[in-house]
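Beneath this line is the structure, given in structure tokens, with notes to follow.
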Amino acid sequence: MSTASIANNAYQMAARLQQQMPAAEDASPKAETVDFGKMVSEAVETIVDKGQQADDKAVGMIEGKADVVDVVTAIAETEIALETMVAVRDRVISAYEEIMRMPI
Numbered sequence: 080m081s082t083a084s085i086a087n088n089a090y091q092m093a094a095r096l097q098q099q100m101p102a103a104e105d106a107s108p109k110a111e112t113v114d115f116g117k118m119v120s121e122a123v124e125t126i127v128d129k130g131q132q133a134d135d136k137a138v139g140m141i142e143g144k145a146d147v148v149d150v151v152t153a154i155a156e157t158e159i160a161l162e163t164m165v166a167v168r169d170r171v172i173s174a175y176e177e178i179m180r181m182p183i
């Protein structure tokens, strides 16, 4: 899986979410609350799963059961997911620091 296909998957996912959004708004006129903690924990679990998959593929390559391309792809996906999570973390910390600088 190349970087282009990873980006393509992300765009497809975003398009699906965008299509689901109007349907959700029509079904429920009241605002829904989003549990930020749950969202973060799910994202961390996804990254951990990707890391475990990359480890499994690396072990499979050592055993001669996996292709080098599959291992490199799995590692690249894990790296992208981790970099995304770090960027989100940095933004959250930045927002927190900005809130703390606000006068009361």
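The sequence shown begins at 80 in this note's numbering and counts up one residue at a time. Yeah, the Cβ is synthetic: ideal placement off N, Cα and C, and Gly gets one too.
Under a 10 Å Cβ-count criterion, residue 123 is classified as exposed, with fewer than 16 other Cβ atoms of the shown protein chains found around its own Cβ. If you look at residue 183, you'll find it isn't in any alpha helix (DSSP H); DSSP assigns it neither H nor E. The Cβ atoms of residue 137 and residue 150 sit closer than 8 Å to each other. Residue burial is scored here from C-beta neighbours: residue 156 has at least 16 other C-beta atoms within 10 angstroms and is therefore classed as buried.
For residue 136, the enclosing alpha helix (DSSP H) stretches over residues 115-141. About 5 Å separates the CB atoms of residue 154 and residue 133; that is less than 8 Å, so the two are in contact.
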